[in-house]
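Protein chains in written order, with our numbering: chain A, 1 to 422; chain B, 423 to 844.
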């Protein structure tokens, strides 16, 4: 079995968590100074590990092994949600670094994909890497909070003139991403590892309401066109209607509301909310979207404010490769017998983008209390080290199988869903 | 009759509107650089008009006539709501300047009271001037948007070490404030002047919801403590319950909503809204507040989020002085026969604070389309000039009456409501 250095792994995770540290967590939104510091720190670690490393034109940090032979790509992302936790995607990236160091005879490449967290657009870096982004996309994306155009942010970060790296130039046999679970299912069942079967699709919308801004004292109730009232009515209607449209594991969230001008003495003339929903079943997602469209149409008919709805993000559900799942499961059973399960991922991950072009898989470790995207996010040191050992062992087994004269073609290809998505 | 210079009046209003100009309106929140520029500009104009002028410790701009005899205080405020209109309080202040210039033989003082618009606390300047603010109040107030403490803002504006001026050192016979109507009642009736009978009281609250911040994909719907959902439910309950608690002319507004952290992929752990309501009847205000308290208690009992409610502002209703109303009405009838009416004010004004210590009155001019607190706010030039002429004429008549050997005591004193409030 592969041998990883648990102390070295933990030390690197802690060193990365110091960059943009906030309380017990980390604040590293994409392309901020802290985020760019983290990318440069990671590139230096990958170089030290003997990988040829570059930060590409969208901020992807890619380290390439100098070894010949079947290639394996390990990674995740290192930027964070605002004021979020220290592990999240950083775990999978530092696992990649540690596995590459521990298995120097295998051609292991490591990637930290930019902006998985969608400060500009979800999974921006892995979509660039898989060539599913157009130049037009890059020109229209903007920061979800500040409105800064992506191209301006890339220029400010010194990235705009760099080439964008592509998966076709690396041709890995497989992509494997480790991540914290971000839910409490493993912990509540007393398990320590999750082998992911599929990743939910996400549909995200911005819904805007236009009324008339006016004085909050002199405008009679009957004469108002209050965009905030329209928003509250709409949000209530979503809460009432979605349970019957959704599937048993669907989730939906209104994460942001803004009233303009946002003053207690002024009737809001404009209001806006961000709504997203997730499910592994595209049919369920379609049903929820139809419900949303109906509610928007009804709100527009009722008045007095007008309503508009636009897509702000969309990822399709993706199934993980069955043979990679098997390898992860066997390694999990060797290291922690009976303490693992197969499970879907409620969160989106770069693996779903990669899965369109290459066999992909994911490994989960438990989140204490199910908490993530918050500074108290954590995983026990024992589980952090266990997960890395299982990942290294699975890669070792896969490389041995691939190296034993088996042609690359005998490794699993992207599954039905991935082929369909192409 | 007094003679004012309409062209000079309009030129001064336009010059003031250039400071902090935004589109066709003005952006001059209290103590910002633009607001302080405007205060210095005004002080220079008052000095030019022969008034001894000072900017005091909370930013009040006070110009004092060097004349002896019965004193009249005219004014309003010059800071604005965010991205608001060019007239609003500026109208009443520049009226004061123009009337003082036009009636040099009368002891006319002019005031621009700071922060009537409640960026820190409603009618902060007039409450300081009437000594109804404690030092403790000044230490606890903070900017409603940025959270900056008032004392820090006063230091940054260079005001913190200045004395605070007091009405007792000036002892005016009366305070008269002109203002745009900010509603469409005058325009819709074809009238040009409103003599105000009373000013609504305002109660303003911040209501906060505490849940648990978590990942929007991995946290099952049943396991969530979503502070945003709690806020939307509460706001809906307010919209359902308030109509039966309110009076026929009551108004209520949710002008601001904030979800934390405000990201589409994170379940809000905290949420907050600002709610205010207004009526001329304190009993109606009590009933609305009781309803609000009941809804807060119900939301807390229902869970899963906790709810807290705090006062963020309160002004009591105030009646205007009947004899000052009579003088304004006679002047209105001389200048625009049959084109005026008596009416309540749905907006709060410094006059309600002054009315606790001195006879007070207000004069309204029409707002085109009823619009205010928006950059399209406007009043016709003819109506602007007419309002100033009526104000000057009323002051002239009142001064003549006071100067004709009538003791100051024969001028009206603060009415029943004002006496009660003391």
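Heads up, the beta-carbon is just placed ideally off N, CA and C, and yes, glycines get one too.
Should the region 155-175 of chain A be regarded as contacting the region 240-253 of chain A, the criterion being three or more beta carbon pairs within less than 8 Å?
no
So residue 728 of chain B and residue 599 of chain B are in contact, right, with Cβ under 8 Å, and what is the actual spacing, rounded?
Counted from its first residue, the second chain places residue 728 of chain B at position 306. Counted from its first residue, the second chain places residue 599 of chain B at position 177. 42 Å between Cβ atoms; not a contact.
CB contact flag (residue 653 of chain B, residue 693 of chain B, <7 Å):
Taking the second chain and counting its residues from 1, one reaches residue 653 of chain B at position 231. Taking the second chain and counting its residues from 1, one reaches residue 693 of chain B at position 271. Yes. Within cutoff.
Using a Cβ-Cβ cut-off of 7 Å, state whether residue 241 of chain A counts as contacting chain B.
For the purposes of this step, residue 241 of chain A is taken as the residue at position 241 of the first chain. Cβ-Cβ to chain B under 7 Å: no for residue 241 of chain A.
CB contact check: residue 769 of chain B to chain A, cutoff 7 Å
Position 347 of the second chain, counting from 1, holds the residue named residue 769 of chain B. With 7 Å as the cut-off, residue 769 of chain B counts as an interface residue toward chain A.
Assess contact between the region 614-623 of chain B and the region 514-532 of chain B, defined as three or more Cβ pairs (one per stretch) separated by less than 8 Å. Is contact present?
no
Measure the C-alpha to C-alpha separation of residue 56 of chain A and residue 124 of chain A and round it to an integer number of angstroms.
As a working note, residue 56 of chain A is residue 56 in the first chain. As a working note, residue 124 of chain A is residue 124 in the first chain. Near 12 Å, if we compare the C-alpha coordinates of residue 124 of chain A and residue 56 of chain A.
Quick check on the DSSP output: what are the complete alpha helix (DSSP H) runs of length 4 or more inside the region 708-785 of chain B, in order along the chain?
744-757 and 772-776
Look up residue 661 of chain B in the DSSP assignment and say whether it is helix, strand or coil.
Numbered from 1 along the second chain, position 239 holds the residue referred to as residue 661 of chain B. Here residue 661 of chain B sits in helix by DSSP.
In whole angstroms, give me the CA-to-CA distance for residue 707 of chain B and residue 701 of chain B.
As a working mapping, residue 707 of chain B is identified with position 285 in the second chain. As a working mapping, residue 701 of chain B is identified with position 279 in the second chain. Their backbone Cα atoms lie some 6 Å apart in a straight line.
Beta-carbon neighbours of residue 208 of chain A, restricted to chain B and to distances below 7 Å
To locate residue 208 of chain A, count along the first chain from 1; it is residue 208. Under the 7 Å cutoff, chain B gives no residues; its nearest Cβ is about 14 Å from residue 208 of chain A.
Determine, using beta carbons only, whether residue 515 of chain B and residue 534 of chain B come nearer to each other than 7 Å.
Locating residue 515 of chain B in the second chain gives position 93, counting from the first residue. Locating residue 534 of chain B in the second chain gives position 112, counting from the first residue. Yes; because the gap between Cβ atoms is below 7 Å, this pair is in contact.
Same chain only: Cβ atoms within 7 Å of residue 212 of chain A, ignoring 5 sequence neighbours per side
The residue labelled residue 212 of chain A in the question sits at position 212 within the first chain. These residues qualify, in order along the chain: 225 and 269.
Under a Cβ-count criterion, where at least 16 other Cβ atoms within 10 Å of its own Cβ denotes burial, should residue 446 of chain B be classed as buried or exposed?
Within the second chain, the letter at position 24 stands for residue 446 of chain B. Exposed, since its Cβ has fewer than 16 Cβ neighbours within 10 Å.
Nearest candidate by alpha-carbon position, reference residue 355 of chain A, set A/331, A/237, A/378 and A/129:
Here the question's residue 355 of chain A lines up with position 355 in the first chain. Minimum Cα distance to residue 355 of chain A is reached at A/129.
Enumerated in chain order, which unbroken segments of the alpha helix (DSSP H) with a length of 4 residues or greater are wholly contained in the region 92-132 of chain A?
124-129
For the alpha helix (DSSP H) holding residue 486 of chain B, just list the boundary residues, first then last.
Residue mapping note: residue 486 of chain B aligns to position 64 of the second chain, counting from 1. Segment 483-486 is the beta strand (DSSP E) holding residue 486 of chain B; no alpha helix (DSSP H) there.
Got a sec? Which residues, its chain only, sit under 8 Å from residue 397 of chain A by beta carbon, not counting five neighbours each side?
If you number the first chain from 1, residue 397 of chain A lands on position 397. Cβ within range, chain order: 327, 330 and 331.
Considering Cα atoms alone, identify which of A/254, A/240 and A/233 is closest to residue 676 of chain B.
On the second chain, residue 676 of chain B is found 254 positions in, with the first residue counted as 1. Considering only alpha carbons, the answer is A/233.
What first and last residue would you give for the beta strand (DSSP E) that runs through residue 679 of chain B?
Position 257 of the second chain, counted from the first residue, corresponds to residue 679 of chain B. Start and end: 673-682.
So, are the CB atoms of residue 532 of chain B and residue 472 of chain B less than 7 Å apart?
The residue you call residue 532 of chain B lines up with position 110 of the second chain. The residue you call residue 472 of chain B lines up with position 50 of the second chain. For residue 532 of chain B and residue 472 of chain B, no; Cβs fall outside 7 Å.
Sequence-distant residues of its chain with Cβ nearer than 7 Å to residue 352 of chain A (five each side left out)
The residue labelled residue 352 of chain A in the question sits at position 352 within the first chain. Here the set comprises 199, 315 and 318.
Of the residues B/597, B/616 and B/578, the one placed nearest residue 604 of chain B, counting alpha carbons only
Stepping through the second chain from its first residue, residue 604 of chain B is reached at position 182. Residue B/616 is the option with its Cα nearest to residue 604 of chain B.
Taking Cβ positions, are residue 214 of chain A and residue 180 of chain A nearer each other than 7 Å?
Translated into the one-based positions of the first chain, residue 214 of chain A becomes position 214. Translated into the one-based positions of the first chain, residue 180 of chain A becomes position 180. No, Cβ-Cβ distance for residue 214 of chain A and residue 180 of chain A is not below 7 Å.
Three-state class that DSSP yields for residue 441 of chain B in the structure shown
The count along the second chain starts at 1 and reaches residue 441 of chain B at position 19. Correct three-state label for residue 441 of chain B: coil.
Which value, in whole angstroms, describes the spacing of the CA atoms of residue 525 of chain B and residue 744 of chain B?
By 1-based counting over the second chain, the position of residue 525 of chain B is 103. By 1-based counting over the second chain, the position of residue 744 of chain B is 322. Between residue 525 of chain B and residue 744 of chain B, the C-alpha separation is close to 24 Å.
Please report how far the alpha carbon of residue 800 of chain B lies from the alpha carbon of residue 508 of chain B, in whole angstroms.
Position 378 of the second chain, counted from the first residue, corresponds to residue 800 of chain B. Position 86 of the second chain, counted from the first residue, corresponds to residue 508 of chain B. Distance between the alpha carbons of residue 800 of chain B and residue 508 of chain B is about 8 Å.
In the DSSP assignment, what residue or residues form a beta bridge with residue 72 of chain A?
For the purposes of this step, residue 72 of chain A is taken as the residue at position 72 of the first chain. DSSP, once it has assigned bridges, lists A/108 and A/174 as partnering residue 72 of chain A.
Please list the partners that residue 370 of chain A has in chain B, where partner means a Cβ-to-Cβ separation under 9 Å.
What you label residue 370 of chain A is simply residue 370 of the first chain in a count that begins at 1. Those are 636, 637, 640, 641 and 645, listed as they occur along chain B.
For the candidate residues A/336, A/337 and A/361, whose alpha-carbon lies nearest to that of residue 344 of chain A?
As a first step, residue 344 of chain A is located in the first chain; it is residue number 344 there, counting from the start. Measuring from the Cα of residue 344 of chain A, the nearest candidate turns out to be A/361.
Please go through the same chain and pick out, in chain order, the residues whose beta-carbon is closer than 6 Å to the beta-carbon of residue 121 of chain A, but skip the five residues on each side of it.
Within the first chain, residue 121 of chain A is the residue found at index 121, counting from 1. Excluding sequence neighbours, residue 121 of chain A sits near 141.
Please list the residues of the region 60-83 of chain A that have a C-beta atom closer than 9 Å to any C-beta atom in chain B, keeping them in chain order.
81, 82 and 83
Quick one: does residue 276 of chain A have its CB under 7 Å from some CB of chain B?
For the purposes of this step, residue 276 of chain A is identified with residue 276 of the first chain, where counting begins at 1. Yes - at least one Cβ of chain B is within 7 Å of the one on residue 276 of chain A.
Could you work out which residue in B/557, B/679, B/425 and B/674 is closest to residue 220 of chain A when comparing CA atoms only?
The count along the first chain starts at 1 and reaches residue 220 of chain A at position 220. Comparing Cα positions, the closest option is B/674.
Distance between residue 133 of chain A and residue 375 of chain A (C-alpha atoms, nearest Å)
Counting from 1 along the first chain, the entry for residue 375 of chain A is found at position 375. Counting from 1 along the first chain, the entry for residue 133 of chain A is found at position 133. About 32 Å.
Check the Cβ of residue 147 of chain A against every Cβ in chain B and list those closer than 9 Å, keeping chain order.
Counted from its first residue, the first chain places residue 147 of chain A at position 147. By Cβ distance, chain B contributes nothing, its closest Cβ being about 14 Å from residue 147 of chain A, past 9 Å.
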